[in-house]
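Peer 1:
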Amino acid sequence: MTSRIPIALALLTLSAGQGAAQSHAFSVTGSAPQVCAVAQPSFATGALNNFRALDGGSLQVDQLVDPRTLTTNGASAEVTFSAICTVPHRIVLQSRGNGLWRSQPGTGQAVGFGDAVPYSAELSWGNVRQRFEATGQSRGSAQVSTPVADATLGELKIALSILAGASNRAANSPLLAGVYSDTLTVTLEPQ
Numbered sequence: 401m402t403s404r405i406p407i408a409l410a411l412l413t414l415s416a417g418q419g420a421a422q423s424h425a426f427s428v429t430g431s432a433p434q435v436c437a438v439a440q441p442s443f444a445t446g447a448l449n450n451f452r453a454l455d456g457g458s459l460q461v462d463q464l465v466d467p468r469t470l471t472t473n474g475a476s477a478e479v480t481f482s483a484i485c486t487v488p489h490r491i492v493l494q495s496r497g498n499g500l501w502r503s504q505p506g507t508g509q510a511v512g513f514g515d516a517v518p519y520s521a522e523l524s525w526g527n528v529r530q531r532f533e534a535t536g537q538s539r540g541s542a543q544v545s546t547p548v549a550d551a552t553l554g555e556l557k558i559a560l561s562i563l564a565g566a567s568n569r570a571a572n573s574p575l576l577a578g579v580y581s582d583t584l585t586v587t588l589e590p591q
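Counted the way my numbering counts, the sequence shown spans residues 401 to 591.
1. Do you know how far the Cα of V586 is from the Cα of D371?
2. Can you list, in chain order, the residues of its chain with a C-beta nearer than 6 Å to that of V479? Leave out the 5 residues immediately preceding and following it.
3. Cα separation between S423 and S431?
4. Contact check, S581 vs S573 under 8 Å by CB: the rounded distance?
5. Looking only at its chain, what residues have a beta carbon closer than 6 Å to the beta carbon of V435, apart from the 5 residues adjacent to it on each side?
6. Tell me the DSSP bridge mates of N449?
7. Taking the alpha-carbon positions, what's the V528 to F426 distance?
8. Do L500 and V511 have their C-beta atoms within less than 7 Å of each other?
9. Less than 8 Å between the CB atoms is what I'm expecting for T546 and R496, so what's the real figure, rounded?
10. Going along the chain, which residues of its own chain have a beta-carbon closer than 6 Å to the beta-carbon of L523, five neighbours each way excluded?
11. With H, G and I counted as helix, E and B as strand and the rest as coil, what does DSSP make of A614?
12. Under the rule that 16 or more other beta-carbon atoms within 10 Å means buried, what is T472, buried or exposed?
13. Between which two residues does the beta strand (DSSP E) holding P590 run?
14. With S495 as the anchor, note down where its beta strand (DSSP E) starts and where it stops.
15. If you reduce the DSSP assignment to three classes, tell me which class A551 lands in.
16. So, at 7 Å on beta carbons, what are the nonlocal neighbours of T535 in its own chain, with the 5 sequence-adjacent residues on each side left out?
17. Take A408 and list the residues in its own chain whose beta-carbon comes closer than 6 Å to its own, dropping the five residues that flank it on each side.
18. Give me the residue from V544, A564, A420 and Q591 with the minimum Cα distance to D466.
19. Would DSSP call A432 helix, strand or coil?
20. Any idea what DSSP makes of A577, helix, strand or coil?
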C-alpha cells in the first residue's frame with residue numbers, strides 16, 4: 401500500500417503544476433483617425449487695423465478708401481485658428497477672386513480708376529511660413545499649397561495686409577464706387 405501513495409502524490413503534483421503554467425494571450429488594439437480640423441477664427445488684442453471684428457464668416461474693412469483722395473486705405477488683421485492634423489498633410493490658402501473685386505455691374509474699367517484691391521496673406525502653421533499674394537490683376541481663383549511633413553497641433557495664423565494706395569491699376573488710383581470682396585479659404589487636408 402505504501403507504494404500507491406507516492407504515485408498518487410506525484411500525479412497530483414504534476415496536475416497542479418500544469419494548471420499554474422497555463423496562459424492565454426490576447427491582443428489589445430485601437431486606432432486613431434487621420435484628422436485635420438480647424439476651429440473658428442479669433443483675433444489677438446490689437447490685431448485689427450482698419451478692420452471690424454468678424455461678423456459670422458465675414459471680415460470687413462472699416463474704411464476701404466480715404467474720403468479725401470478715394471484711394472485705398474491701408475488695413476491689416478491677424479486671424480488665428482486652433483488647429484490639428486494627426487498625419488502629414490497639405491495646407492492650402494485659396495482666394496476665390498485673386499483680390500478684392502468690385503461686385504457691382506456698371507461702368508467697368510474707367511480710365512484712371514481701380515476696380516480691384518490687391519492684398520497679401522502671411523500664413524504661419526507649425527514650421528511652415530508661406531506668403532500669398534492676391535494680386536488683383538486678373539479675376540479668378542489663386543492659391544498657394546504647401547506640404548507639411550509631420551502631424552501638427554497649435555495655432556494657425558493668417559496675417560492679412562492691404563497696402564495704402566493699392567489698386568489693380570496704377571498706385572494710388574481712386575477706386576470706382578461699389579462693394580469690394582473676396583473669399584479667402586484655408587484648408588488642411590491629409591496627404
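All residues carry an ideal CB built from backbone N, CA and C; glycine is no exception.
Everything numeric in this text was worked out from a predicted model, so none of it was measured.
Peer 2: According to the data block:
1. In this structure the chain extends from 401 to 591, so residue 371 is not present and cannot be described.
2. P441 and I558
3. 27 Å
4. At roughly 19 Å, the Cβ-Cβ gap does not stay under 8 Å, so S581 and S573 are not in contact.
5. Around V435: T486.
6. For N449, the beta-bridge partners assigned by DSSP are S476.
7. 43 Å
8. no
9. About 19 Å separates the two Cβ atoms, so there is no contact after all.
10. L493, Q530 and I558
11. Nothing in the structure corresponds to residue 614, since the chain is present only between 401 and 591.
12. buried
13. Per DSSP, P590 belongs to the beta strand (DSSP E) from L584 to P590.
14. Its beta strand (DSSP E) spans residues H489 to S495.
15. coil
16. N498, G499 and P518
17. With a pLDDT of 44 at A408, under the threshold of 50, the modelled position of that residue is not reliable, and no figure is offered here.
18. A564
19. coil
20. Correct three-state label for A577: coil.
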